[in-house]
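Novice:
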Amino acid sequence: MIDRFQNWLPRMVLAPSFFLVLIFVYGFILYTGYLSMTDSKMLPSYNWVGFANYEKLFRLRHWNTAITNLAIFGILYIGISSAIGLLLAILLDQKIRAEGFIRPIYLYPMALSFIVTGTAWKWFLDPGIGLENTMHQWGWASFHFNWIKDRNYAIYTVVIAAVWQSSGFVMAMFLAGLRGVDNEIIKAAQIDGATGFRIYRKIIIPMMRPVFLSAFVVLAHLAIKAYDLVVALTGGGPGRATELPATFMYSYTFTRNQMGVGASSAIIMLIMIFSIIVPYVYSELRAGGKR
Amino acid sequence: MSGATQDNALKGSGATRIIIYTVLILFMIFYLLPLYVMLTNSLKPLEEIRGGDMLALPKNWTIEPWRAAWSYAQIGVQPTGLKPYFINSIFMVVPAVLISTSLGALNGYVLTKWSFRGSDLVFGLLLLACFIPFQIVLIPMARILGILGLAGTTSGLVLVHTIYGLGFTTLFFRNYYAAFPTELVRAAQIDGAGFFQIFWRILAPSSAPIAVVTIIWQFTNVWNDFLFGVSFADFDSIPMTVALNNLVNSSTGVKEYNVHFAGAILAALPTLIVYIVSGRYFVRGLMAGAVKG
Amino acid sequence: MARLKIENLYKAYGATKVLKGIDLEIEDGGFLVLVGPSGCGKSTLLNCIAGLEDVTSGDVIIGERSVTELHPSKRDIAMVFQSYALYPNMTVEKNISFGLEIRGMTKPDRIKAIEEVADMLQIRELLKRKPSQLSGGQRQRVAMGRALVRNPQVFLFDEPLSNLDAKLRVDMRTEIKRLHKRMGTTIVYVTHDQIEALTLATRIAVMKDGIVQQFGTPDQIYNDPVNMFVADFMGSPAMNLLPGKVVKKADGLMLSLDGHDGVMLLPVPLTDDLQARVGKRVIFGIRPEAFTDPQGADRESKQVEKRDCFVEVVEPAGSDTFAVVKLGGKSAVARLRADAHIVAETVTGLAFNMGKAVFFDPDSGERIK
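The following block contains the structure:
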């Protein structure tokens, strides 16, 4: 009797988490998927309309702005964060005496809320009071930097703030990758006559492909989810110039009372993230095997 | 980032070293500047900010903005300062972190030491749940919280954060316990210890490092969350991040930048302190979250 | 103390069969060694005896009672693990008494039991230390102490010496044998080291691919192997297994081998099985110590045959000298006295003790008696 109880105990312990996730994640996904096929407005409705919301979604100018912005933001954010992260990692790998002091400074923004980051940068980039004003005070009268107020450039300020927040983290990932490269391979390369940056370019960086992949996955998933930063930095504006899918979903669902369209935009976000994450997790689990 | 003695260093002249250090220092300035600006300007009177140089140290030092931000600044419609929201956040974070970490530890224990047919599938579902865009659960969650009578309450937020933190806490503990020798569990079984006795007496005493990593990770995520807070909280439960956003983006009245900065630092303070005190564990958590399997 | 019996035991993980019908029995106070290459199922079998793995079918009986359905802690066994499995957060004392505490023994009784075991294993001064402060040999002793203190019906050892260095391993081997003598408890011991098996066991089960190949006394296993696998696995250096042919000559049956200058003939016993193989290929098995220099050969054996062999390599090994000889198209090893006069790349007379020779079927690998 007791033995049987002991056999079932592990399942019973895992069961609450299993059911919570089954309902609150996968059940909710199905529910949202269902809502996206209904004519729900302010409240959920169960009138089936098929893919009408999706058709409507892709005709909406705001959604197309959001998707275009996500593409711009995603590419620049991932590209610049990776470039800065790699550069700093390589530089920090040069036997820098103060590494223990410098590294935490590069990384601390990751501990902050995007709301705090947004608040700081919003003001810093404000032409009336921040950088531009300060430069004028310093006597550089022609200095001009008002991207945050400019419809065409505001999305780039989101990139700046996001890069500020995450590039240190990418640096830490790359640094761990660099330190993980087998020392003997580097010695062999040195004996073969390779020097300096050629060792990095030809030997080390190609060996860090898994780190690039991890960094890409993490950053891409952060980019698609990006919400708080835009809210705090630009509020989606000026106008709706910095709309992203995440802000679009929120405003259509909760302020514009177009729940069906909001739900369909959430489904599109999920598809975007899963198309990156699922293959990655699958390959990691397979490679990791059963430990 | 263990301090293994690696020698990837470029052999370079003094000039190369100077360039390297210059770049490193420029980036240090880049990362520190916003914090410096917030801090100095939170200690200036408003006129000084409007009229002046944001990089300069205050001419007239004042802590009034901090007092305002903490206890009487207008947030939404009420002049309460951030204090009640700070307390809301504490009441939300502490239970959410403790519950999700405990469940994660037990899940990790089962998944590695008592795995059964189908347990890998459970893990896969938990793992995938780490990455969903939370927009996908907002609509049904709002309804469920209403049905449960938890809409707008701190308990509701605790529930939400616990559920959506489970994936990561389980992942952390699972990976840690996977490396924990199974022979110890078997030895304890032969010694007659049961399921929970083995967990408490054998695994738990060795779990301090991963518990710290997990708690820090969860604490940072829950404290910094905005989306759930803004979607599901009422006045009694609004967390710090949402309150800060309300403070900064309230459209009425004069923009009191110095108060905003003080508020922003107050909102950042708990996670910053955790980072400063135990940055090593914080980084380890980030890495563990990034490299799965 | 009790006898241990395993009846028709099967173990499968899904479609993979790991144990395929194991039948073993060890008498009360016996020392059973399970030996075999890695993946042969020996550790799985031990875990099944311990109850750490469920069996697919079959029965495990300790004393007179079937324990197949019982939890490990209810089987009255104790186990020593390969990694020692000492609880890292507990002192040596706690490690030893943990099982007693779980079973609800009172503190004074526990202290008494700990002291008894500590004296027996001479680990009294280690009692307050943590496992991380112990050397490999000390950890090994503590692990044994944890098992001994429970005074179980059966001790299970899972490759307990494989993490020790060579010298310590020999010392601990002796120690285990001494403890067994003193306690008289039934022991089941898993190892991949055939010397451990031969020195410790009262009964050996040689396993391969989830099947017991041979179950017998060390003497039977060593001198009377049932197939080529057992012959090859037990003994170091391994038994020479040389392809030859049975031929009929005027003075009886002969084994014909390829020697260094043509065919070498050795007399073989006139058994029915060998007679039936006249003209056919067989594998001739002879242990290195039965293939030696004429002065070193067993004087009591009447079947010593001297033949000229071509010595390729000489390997002095201190207590012995090994000579590698080309025979039957293979390299055969002869074990000579340390001071035997032998020179590489010369033809030397060597003695075959045919009383120790064994023969196998080259296709099935089974013994030909």
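Heads up: the protein sequence lines correspond to chains A, B and C, in order.
For the first sequence, position 218 matches number 218 in my numbering, and the numbering has no gaps at all.
For the second sequence, position 105 matches number 1105 in my numbering, and the numbering has no gaps at all.
For the third sequence, position 58 matches number 2058 in my numbering, and the numbering has no gaps at all.
Note that CB positions come from ideal geometry on N, CA and C, so glycine has one too.
(1) By the three-class DSSP mapping on this structure, what secondary structure does Ser2043(C) have?
(2) Who are the Cβ neighbours of Val1119(B) in its own chain at under 8 Å, not counting the five residues just before and after it?
(3) On the premise that Gln258(A) lies in contact with Lys122(A), defined as a C-beta separation below 8 Å, what is that separation, rounded to the nearest angstrom?
(4) Spatial neighbours of Ile78(A) within its chain, please: CB distance less than 7 Å, with the 5 preceding and 5 following residues excluded, ordered by chain position.
(5) Under 8 Å Cβ-Cβ, which residues of chain A neighbour His1260(B)?
(6) Roughly how many angstroms lie between the CA atoms of Tyr227(A) and Ile75(A), to the nearest whole one?
(7) Any residues in the stretch 1177 to 1198 of chain B with a beta carbon nearer than 8 Å to a beta carbon of chain C? Which ones, in chain order?
(8) When you compare only the Cα positions, how much space is there between Ser113(A) and Thr234(A)?
(9) Do you know how far the Cα of Asn1088(B) is from the Cα of Gly2039(C)?
(10) By the 10 Å Cβ neighbour count, where 16 or more other Cβ atoms means buried, how is Phe58(A) classified, buried or exposed?
(11) What three-state label does DSSP hand Arg2203(C) in the structure shown?
(12) Can you have a look at Lys1113(B) and say buried or exposed, based on whether 16 or more other CB atoms are within 10 angstroms of its CB?
(13) Considering only residues of the same chain and omitting the five flanking positions on each side of Glu2061(C), which have a CB-CB separation below 6 Å?
(14) Run the CB neighbour count on Ser2364(C), radius 10 Å, all protein chains shown included, and call it buried at 16 or more, exposed below.
(15) Can the beta-carbon of Ser36(A) be found less than 7 Å from the beta-carbon of Asn53(A)?
(16) Would you call Ile1029(B) buried or exposed, if buried means 16 or more other Cβ atoms sit within 10 Å of its Cβ?
(17) Taking only three categories from DSSP, how would you classify Pro1205(B)?
(18) Within the continuous beta strand (DSSP E) that includes Met2079(C), where are the two ends?
(19) Buried or exposed: where does Ile1238(B) fall if 16 or more other Cβ atoms within 10 Å of its Cβ makes it buried?
(20) When DSSP labels each residue in this structure, what does Thr1153(B) get in the three-state scheme?
(21) Under three-state DSSP, which class holds Tyr1085(B)?
(22) What residues in its chain sit with their C-beta under 7 Å from that of Ile115(A), if we drop five residues either side in the sequence?
(23) What is the DSSP secondary structure of Lys2248(C), reduced to helix, strand or coil?
(24) For the ligand SAH, I want to know if Thr1016(B) counts as a neighbour, meaning its beta carbon is within less than 6 Å of at least one of the ligand's heavy atoms.
(25) Check whether the Cβ of Ile277(A) lies closer than 7 Å to any Cβ atom in chain B.
(26) Quick one: Cα of Asp2293(C) to Cα of Leu2336(C), how far?
(27) With a CB to CB cut of under 6 Å and the five nearest residues on each side skipped, what residues in its chain are close to Leu1148(B)?
(28) For Pro2218(C), name the three-state secondary structure that DSSP assigns.
(29) Leaving out five residues before and five after Met2079(C) in sequence, what residues of the same chain have Cβ atoms less than 6 Å from its Cβ?
(30) Quick one: list the residues of chain A neighbouring Ser1119(B), beta-carbon separation under 9 Å, in chain order.
(31) Starting from Ile2077(C), find everything on chain B with Cβ-Cβ shorter than 7 Å and list it in chain order.
(32) Quick check on the burial criterion: 16 or more other C-beta atoms within 10 angstroms. Buried or exposed for Leu1244(B)?
(33) Pairing CB atoms from the stretch 1131 to 1139 of chain B with CB atoms from the stretch 18 to 36 of chain A, are three or more of them under 8 Å?
(34) In chain order, what residues of the stretch 1235 to 1248 of chain B put their CB closer than 7 Å to some CB of chain A?
(35) I'd like to know whether the C-beta of Pro1209(B) is nearer than 7 Å to at least one C-beta of chain C.
(36) Nearest to Glu2356(C) by CA position, among Thr2348(C), Arg2124(C), Gly2285(C), Val2343(C), is which residue?
Specialist: On the basis of the data shown:
(1) helix
(2) It is Ser, not Val, that sits at residue 1119(B) in the sequence shown. Around Ser1119(B): Val1110, Leu1111.
(3) Between Gln258(A) and Lys122(A) the Cβ distance is about 28 Å, and since that is not below 8 Å, they are no contact.
(4) Phe216, Leu219, Ala220, Ala223
(5) Thr119, Trp123
(6) Their Cα atoms are separated by approximately 17 Å.
(7) Pro1181, Glu1183, Leu1184, Arg1186, Ala1187, Ala1188, Gln1189, Ile1190, Asp1191, Gly1192, Ala1193, Gln1197
(8) Distance between Ser113(A) and Thr234(A), taken at the CA atoms: about 16 Å.
(9) 58 Å
(10) exposed
(11) strand
(12) buried
(13) Note on identity: in this sequence residue 2061(C) is Ile, with Glu being the wrong assignment. For Ile2061(C), where only same-chain residues beyond five positions count, the Cβ hits under 6 Å are Lys2005.
(14) exposed
(15) Going by C-beta atoms, Ser36(A) is nearer than 7 Å to Asn53(A).
(16) exposed
(17) helix
(18) 2077 to 2080
(19) buried
(20) coil
(21) helix
(22) Setting aside the 5 residues that flank it on each side, Ile115(A) is surrounded in the same chain by Asp228, Ala232, each with a C-beta closer than 7 Å to its C-beta; the list follows chain order.
(23) strand
(24) Ligands in the displayed structure: none, and consequently the ligand SAH is not present.
(25) yes
(26) If I take the Cα positions, the gap works out to 6 Å.
(27) none
(28) Of the three classes helix, strand and coil, the one that applies to Pro2218(C) here is helix, per DSSP.
(29) So the list reads Ala2050, Leu2156, once near-sequence residues are dropped.
(30) Pro10, Arg11, Leu14
(31) What Ile2077(C) touches in chain B, judged by beta-carbon distance under 7 Å, is Ile1190, going in chain order.
(32) buried
(33) yes
(34) Thr1241, Leu1244, Asn1245, Val1248
(35) Not a single CB atom of chain C sits nearer than 7 Å to the CB of Pro1209(B).
(36) The question names Glu, but residue 2356(C) in the sequence shown is Lys. Ranking Thr2348(C), Arg2124(C), Gly2285(C), Val2343(C) by Cα distance to Lys2356(C) puts Gly2285(C) first.
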